[in-house]
Amino acid sequence: MATFVLVHGAWSGGHVWRPNAQALRRAGHEVYTPTLTGVGERSHLLRAGIDLDTQIADVLNVIKYEQLSDIVLCGHSYGGMVVTGVADAVPEKIASLVYLDAFVPENGQALSDLVSASRNQPSGDGISVPPLPSSAFGADPKKAAQREALMSPHPAACFTQKIKLSGGIAKIAKRTYIYANDPQPTSFTRFYERFRNAPGWEVHTLPCTHLVQLDMPDELTRLLIGAIPR
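What the sequence shown shows, in my numbering, is residues 729 to 958, in sequence order.
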């Protein structure tokens, strides 16, 4: 049995992992899908002051209070920023690190350094960033409606705070990048190119849009199970 901690992307919540979490639990694994502060079912907590450190702490506290170890830690999209901070802080707890079509920051980078500034403009209150439409990812209209009904603004400071890393990720033996390549290129193509021939990385592609959990849930579950160290 493996322990999975699955971290969602911006404007979303832990609910996005439901098909994968159900399948992994049926296979006998333990699964946690925390929702980050200020979004999803925790959107009522949105306020000034929530930043990347806050959302890294959300996941670190799940690990601490659930007393987890030997974790398969996966982050999707913006969740790559979060899992990078988590893995750097507690590499001894992480058996396998998975980036699902996700941002992989280097020390001193913010999400706003990795994407076009025009895609992350705060709303008028300066506290939050409104969701990108699903059409921006080439999503099927029916699936897009399903996703957008559960989206919420994301705390703006999460996108502008620069991450501080100490090199802990280098201690994690198993690292995987999963790239959704339809259509391409995307904001994540650069990470696929960086890691596909990099020592210590396993790289996979899925022929779907960025909304992998909706487009190819079964294939994603198989890749997550494949990320369990043997």
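For glycine and all other residues, C-beta sits at the position ideal for the given N, C-alpha and C.
Because the structure is a prediction, the values reported are computed rather than measured.
Query	Result
Boundaries of the alpha helix (DSSP H) in which cysteine 802 is found, first to last residue	Taken as a continuous stretch (DSSP letters only), cysteine 802 belongs to no alpha helix (DSSP H), being part of the beta strand (DSSP E) at 799-804.
Close beta carbons around leucine 773, own chain, < 7 Å, minus the five adjacent residues each side	Thr765 and Gly766
For threonine 904, three-class secondary structure by DSSP	strand
Residue from Gln750, His757, Gly741 and Arg746 with nearest C-alpha to threonine 731	His757
Aspartate 779 vs proline 881 beta-carbon contact at 8 Å	no
Coil, strand or helix - proline 883 by DSSP	strand
Residues near threonine 888 in its chain [Cβ-Cβ closer than 6 Å; skip 5 each side]	Ala838 and Ser840
Spatially closest choice to valine 759 from Ser771, Arg770, Thr812 and His743, by CA coordinates	His743
Distance, asparagine 925 Cα to glutamine 783 Cα	31 Å
Classification of tyrosine 806 by the beta-carbon crowding that lies within 10 angstroms, buried from 16 upward	buried
Close beta carbons around serine 863, own chain, < 7 Å, minus the five adjacent residues each side	Ala872
Sub-8 Å separation of valine 857 and glycine 803 beta-carbons	no
Whole-Å CB distance - aspartate 910 paired with cysteine 936, under 8 Å assumed	6 Å
Interface flag, arginine 753 vs chain C, CB-CB below 8 Å	Note that chain C does not occur in the displayed structure, where there is just one protein chain.
Where the alpha helix (DSSP H) through leucine 860 begins and ends	Neither: leucine 860 is in no alpha helix (DSSP H) and is coded neither H nor E.
Valine 733 - containing beta strand (DSSP E), residue span	731-735
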